[in-house]
Every structure is written in C-alpha cells, then in structure tokens.
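Novice: Shown below is the structure under consideration.
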Amino acid sequence: MKRLIDDPETVNELRTELRRYATEQAQVDLKRAYADLQETLQLKAAAPATKSAWGSVTASTKLLIIAAVGGSAALGVNALRSAEPAQQMHAIVSQTPSVRLAPPPPEVAQPEAAPPVQVAASIRTPSTSSGSRREIAQLVRIKALLEHDPAAARRLIRAAQREFPAGLLVEEREGLDVIALFALGQHERARTSAERFIARYPQSALRSKLQRLIADARE
Amino acid sequence: MRHEQLPCSAFPLRDGQDAGAAPSGGERIGVEVLFREHAQFVATFLHRLGTPSQDVEDLLQEVFVVAHRKGGFVKGPAQPRSWLGAIATNVARTGQRTRRRRREDADSPALERLSMQAPSEIESLARVRLERALAELPLEQRAAFVLFELEGESCESIAAVWGVPVGTVYSRLHHARRRFLEAYECARDALSARRERGRP
Numbered sequence: 032m033k034r035l036i037d038d039p040e041t042v043n044e045l046r047t048e049l050r051r052y053a054t055e056q057a058q059v060d061l062k063r064a065y066a067d068l069q070e071t072l073q074l075k076a077a078a079p080a081t082k083s084a085w086g087s088v089t090a091s092t093k094l095l096i097i098a099a100v101g102g103s104a105a106l107g108v109n110a111l112r113s114a115e116p117a118q119q120m121h122a123i124v125s126q127t128p129s130v131r132l133a134p135p136p137p138e139v140a141q142p143e144a145a146p147p148v149q150v151a152a153s154i155r156t157p158s159t160s161s162g163s164r165r166e167i168a169q170l171v172r173i174k175a176l177l178e179h180d181p182a183a184a185r186r187l188i189r190a191a192q193r194e195f196p197a198g199l200l201v202e203e204r205e206g207l208d209v210i211a212l213f214a215l216g217q218h219e220r221a222r223t224s225a226e227r228f229i230a231r232y233p234q235s236a237l238r239s240k241l242q243r244l245i246a247d248a249r250e
Numbered sequence: 013m014r015h016e017q018l019p020c021s022a023f024p025l026r027d028g029q030d031a032g033a034a035p036s037g038g039e040r041i042g043v044e045v046l047f048r049e050h051a052q053f054v055a056t057f058l059h060r061l062g063t064p065s066q067d068v069e070d071l072l073q074e075v076f077v078v079a080h081r082k083g084g085f086v087k088g089p090a091q092p093r094s095w096l097g098a099i100a101t102n103v104a105r106t107g108q109r110t111r112r113r114r115r116e117d118a119d120s121p122a123l124e125r126l127s128m129q130a131p132s133e134i135e136s137l138a139r140v141r142l143e144r145a146l147a148e149l150p151l152e153q154r155a156a157f158v159l160f161e162l163e164g165e166s167c168e169s170i171a172a173v174w175g176v177p178v179g180t181v182y183s184r185l186h187h188a189r190r191r192f193l194e195a196y197e198c199a200r201d202a203l204s205a206r207r208e209r210g211r212p
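Residue numbers (my numbering), protein chains in the order written: chain A, 32 to 250; chain B, 13 to 212.
Here it is, written out as structure tokens:
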C-alpha cells in the first residue's frame, strides 16, 4: 500500500501540502514537560532504591517542589475558579493560540517555502487549568490542608476523587486520606485503611510512612 | 517523517533508571529513553488527532505515564512510535470526553465558535484544509491515517500494536483515505469560496 505522499496518482497540490504538513511539529516545551513527568513519576514511584539527591529529600519537600513547578498552574486554577463559568471559558479560549503547528527546525529541509507561522503560546498560562496540572495543584492543596485541618483535607480528597476518578494521582490521594484519618485520631479505622492501602499499593512511596503511623498507633 | 530529538544532555538519566534495557532481557526501552527520542513525535501526533494546543502538554505527560505503567516498550514486531501512537489515541479519546463534559458544564459555545472561525492571515490555508479534512475522520481512522500517511509507520507495525490482522489496517486506511479525500475537496472548495468573497 503506497502512501498518498508517495503515490504519483495523488493530485500534486495535495501531495505537496501533505509533505509540508508532515514536516511540521507541535510546539511544546519538552524540557518542562520532561520535568513535570519526572515529578509525577516520582510521586508514583516505589520507595527510592537509588541514592540520588532526590531520594534523600522528604515527601513534603517533594510536594513543595511540585508546588513550585506547578505554581503558576495552581494560581491559574484559583483565578479561574473565582470567575463565572463563561468567564472561565473565555479566559481559556483567549489563551488558545491560533496556529498550533510550526515548521521544523532550520536543519530539516522543506520541500518549498512555508507560509509565515506563529509560535504557539506558552502552555503555562491560565489554560493550564486542564488535566494533570490541575490534579497536581489540587494534591498540593490537600497536602497543605493536611498539616492543620485534616478534616478539610479529607473533604478535598473526596472532591478530587470525584473529579479525577481515573486520574494520575488516585493512589496518592488514597494514601493521604489514610494519613488524615491518623491525624484525626481515628486510629482503628486508619490502621485498617492503611493495611488495605499497603496491600493494594505495595510499591507506594507512602508505604513506610504508613507503617510508621501504624506502629505509633499501637504504642 | 523526521522529528526533532533532544540531545541526551537535555535529559540526563538518573542512576539505575530506565537505561534503555530491561533488567531481564535487554529487550525493553524505558520511558526516559522513549521520551527523549519520541516526545516530539507524540506531541505532534496528539495535535494531529485534534487535541487543542493548551491540552497537548498534559496529554503528552499522560501518554508517558501510561507508557511507564506498562513497563516501557518491549521490542517486537511493532515500532515504538506505533505503540506510543496507540497509547496517545486512547489518551486523546479520554481527553475528548473530558473536554466535551467541560463544555457542557460551562454551557458556553466559545470553543465551537473558535473552531469555526475564519483562518487568520498568518494561518496557512493548506494546513486548515488538511486539518478540517482530518477532523472528519473518526478517531481510530484518524490515528491510522496519521500514523501511516504522515508518520510513515508500516501497516505491519500498526497491526501488531492494535492486535489485528494487517488486512484490517489496510481496510481502515482505505476507509480513512476515502473519507479524508472527500472532506479535503469540500474544505478546499469552502475555503476557496470564502477567500473569493473576502477579496475587496
């Protein structure tokens, strides 16, 4: 089966357009995307087996780093949530770049001169209300609430589980929910939940913390 | 097509992490190597599946989280890009449902207005024609079309990832191509007419 691009029976105009389109690339900040991916995978990772610098920092420090990395996302979410729905949508739409693909870097040869294009706007704008960034920002808020108001943290966890039932951070929220139960002094319920959590997520980074809490509750 | 790859120095591997080989057989490619070599491809592929620009980076991350959960790419009859393309198609499908729900929640036709607005001066009419034609394809056909026609993935590789006979891929591509060509003609006529009307 021949590709349209290679098939001499394809109309010339279409073949030329397809060739040019095939050389264009989406504009994303890959370094930032990679950093975000690392944060997410670290949150989900098993207890660190390596002796990297990252492995020596505490879970709460990791969350602070995430807060810094996703800071503008969190601010964007807050700003959007304070607005009316129509305004929120307007804010998102107004940030949408009009051109979404750009030609490849100069070293990639193009079959013919490409029209002028606009580089896509940065994604770290109010439009970051979507998807995983919002979920991460929510987890940071849960963690902050956990320090001084575990009941409120649990309410936010329940809301987040409803909003992201198949999200990236379901496991982390479940773990924080168990920690909140310990903080509320519901030791028996917390212990049962912790054991269930550890059985379900034996590789969780929260495992050792929960085991400590179980041991403390027994004393 | 050729996609930009970032130099290794841009993404230093951590000790003991995803060095590109599975501990057991050396037939597995870890997520960090996959990201370094194919993130640009995945981002462009997501765009070509119709993902809005502001969602591409989120979905890009989700694709590689899923790839990580699956333990990375296992070398076999499929190519890594066909495999990542299949994951991206599933992630994009979920993204489409979420966006639809949000639009319903927001009760605002703003996004629909945006997608129907006339192309700006800096937009290429050719790109608009192609993307409008692509938008007429159901997601699976669109994914097959983009993988084969634009990314040059083989039908055998696509079939291996989807777990279907290669004849099924030919059939999907045949339907996708026919639909695309019809839509392309319509888009070309509509845009030409609009351009004619817009002339002083």
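In this text, a Cβ means the ideal position worked out from N, Cα and C, and glycines have one as well. Model, not experiment: these values are computed from the prediction.
What is the C-beta distance between Ala-266 of chain B and Leu-72 of chain B, in whole angstroms, given that I count them as a contact (C-beta under 8 Å)?
Specialist: Here chain B has residues from 13 to 212 only, and residue 266 of chain B is not among them.
Novice: DSSP three-state call for Arg-40 of chain B: helix, strand or coil?
Specialist: strand
Novice: Which residues, in order along the region 162-177 of chain B, keep a beta-carbon less than 9 Å from a beta-carbon of chain A?
Specialist: Hits within the stretch, in order: Leu-162, Glu-163, Gly-164 and Cys-167.
Novice: How far does the alpha helix (DSSP H) with Thr-63 of chain B in it reach, from first residue to last?
Specialist: Run containing Thr-63 of chain B: none; DSSP gives neither H nor E here.
Novice: On the CB-based measure, 16 or more other CB atoms within 10 Å of its CB, does Asp-70 of chain B come out buried or exposed?
Specialist: buried
Novice: For a quick check, are the C-beta atoms of Ala-184 of chain A and Ala-211 of chain A less than 7 Å apart?
Specialist: yes
Novice: Please report the distance separating the alpha-carbon of Val-77 of chain B from that of Arg-139 of chain B.
Specialist: 30 Å
Novice: Whole angstroms are fine: how far does the CA of Thr-41 of chain A sit from the CA of Phe-85 of chain B?
Specialist: 35 Å
Novice: Which residues bound the alpha helix (DSSP H) around Arg-189 of chain A?
Specialist: 181-194
Novice: Report the partner residues of Ala-202 of chain B according to the DSSP bridge assignment.
Specialist: None, per the DSSP bridge assignment.
Novice: Check Val-201 of chain A in the structure and name its three-state DSSP category.
Specialist: helix
Novice: Could you tell me how far apart the beta carbons of Arg-40 of chain B and Gly-83 of chain B are, in whole angstroms, since I believe they sit closer than 8 Å?
Specialist: 7 Å
Novice: Expressed to the nearest angstrom, what Euclidean distance is found between the alpha-carbon atoms of Ile-229 of chain A and Arg-51 of chain A?
Specialist: 52 Å
Novice: Is it true that the region 168-176 of chain A meets the region 184-198 of chain A, where meeting means three or more beta-carbon pairs spaced less than 8 Å apart?
Specialist: yes
Novice: Quick one: grab the DSSP three-state call for Ala-57 of chain A.
Specialist: strand
Novice: Please decide whether Arg-34 of chain A counts as near chain B, where near means a Cβ-Cβ distance under 7 Å.
Specialist: yes
Novice: With the cut-off set at 7 Å, would you say Ala-197 of chain A and Val-68 of chain B are in Cβ contact?
Specialist: no
Novice: For Arg-227 of chain A and Leu-49 of chain A, I'd like the C-alpha separation in whole angstroms.
Specialist: 54 Å
Novice: Quick one: using the 10 Å Cβ neighbour count with 16 as the cut-off for buried, is Arg-231 of chain A buried or exposed?
Specialist: exposed
Novice: Starting from the C-beta of Ile-170 of chain B, find all residues in its chain whose C-beta is less than 7 Å away, skip the five residues before and the five after it, and write them out in chain order.
Specialist: Ser-94, Ala-156, Leu-159, Phe-160 and Val-181
Novice: Ala-151 of chain A to Ala-221 of chain A, Cα distance in whole Å?
Specialist: Because Ala-151 of chain A carries a pLDDT of 35, less than 50, the predicted location of this residue cannot be relied on, and no value is offered for it.
Novice: Determine, for Ala-66 of chain A, whether the minimum Cβ-Cβ distance to residues of chain B falls below 7 Å.
Specialist: no
Novice: Give the DSSP bridge partners of Phe-85 of chain B, in chain order.
Specialist: Bridge partners of Phe-85 of chain B: B:Ile-41.
Novice: Quick check on DSSP: helix, strand or coil for Ala-253 of chain A?
Specialist: Residue 253 of chain A cannot be examined here, being either before or after the span of chain A that is shown, 32 to 250.
Novice: I want to verify the contact list: residues of chain B whose CB lies under 9 Å from the CB of Thr-223 of chain A, in sequence order.
Specialist: Those within 9 Å of Thr-223 of chain A in chain B number zero; the least Cβ separation is about 27 Å.
Novice: Measuring alpha carbon to alpha carbon, tell me which residue in B:Glu-165, B:Glu-49 and B:His-187 is nearest Leu-151 of chain B.
Specialist: B:His-187
Novice: For a cutoff of 7 Å on Cβ pairs, would you count Ala-191 of chain A as touching chain B?
Specialist: no
Novice: What number of angstroms, rounded off, separates the C-alpha of Leu-244 of chain A from the C-alpha of Ala-168 of chain A?
Specialist: Distance from the CA atom of Leu-244 of chain A to the CA atom of Ala-168 of chain A, rounded to whole angstroms, is 26 Å.
Novice: Under 7 Å between C-beta atoms, does Glu-69 of chain B make it to chain A?
Specialist: yes
Novice: From Ile-36 of chain A to Glu-44 of chain A, what does the alpha carbon distance come to, in whole angstroms?
Specialist: 11 Å
Novice: Applying a beta-carbon distance threshold of less than 8 Å, which residues of chain A neighbour Phe-85 of chain B?
Specialist: What Phe-85 of chain B touches in chain A: nothing, since even the nearest Cβ is about 16 Å away.
Novice: In whole angstroms, what is the alpha-carbon distance linking Arg-144 of chain B and Val-201 of chain A?
Specialist: Rounded to whole angstroms, Arg-144 of chain B to Val-201 of chain A spans 36 Å at the Cα level.
Novice: With a Cβ-Cβ cutoff of 7 Å, do Phe-57 of chain B and Ala-100 of chain B count as a contact?
Specialist: yes
Novice: Just tell me which of B:Glu-168, B:Cys-167, B:Ala-199 and B:Glu-148 has its CA closest to the CA of Arg-191 of chain B.
Specialist: Comparing alpha-carbon positions, the option among B:Glu-168, B:Cys-167, B:Ala-199 and B:Glu-148 lying closest to Arg-191 of chain B turns out to be B:Glu-148.
Novice: Run through DSSP, which three-state label would Lys-240 of chain A get?
Specialist: helix
Novice: Taking the continuous alpha helix (DSSP H) assigned at Val-140 of chain B, which residues delimit it?
Specialist: 137-147
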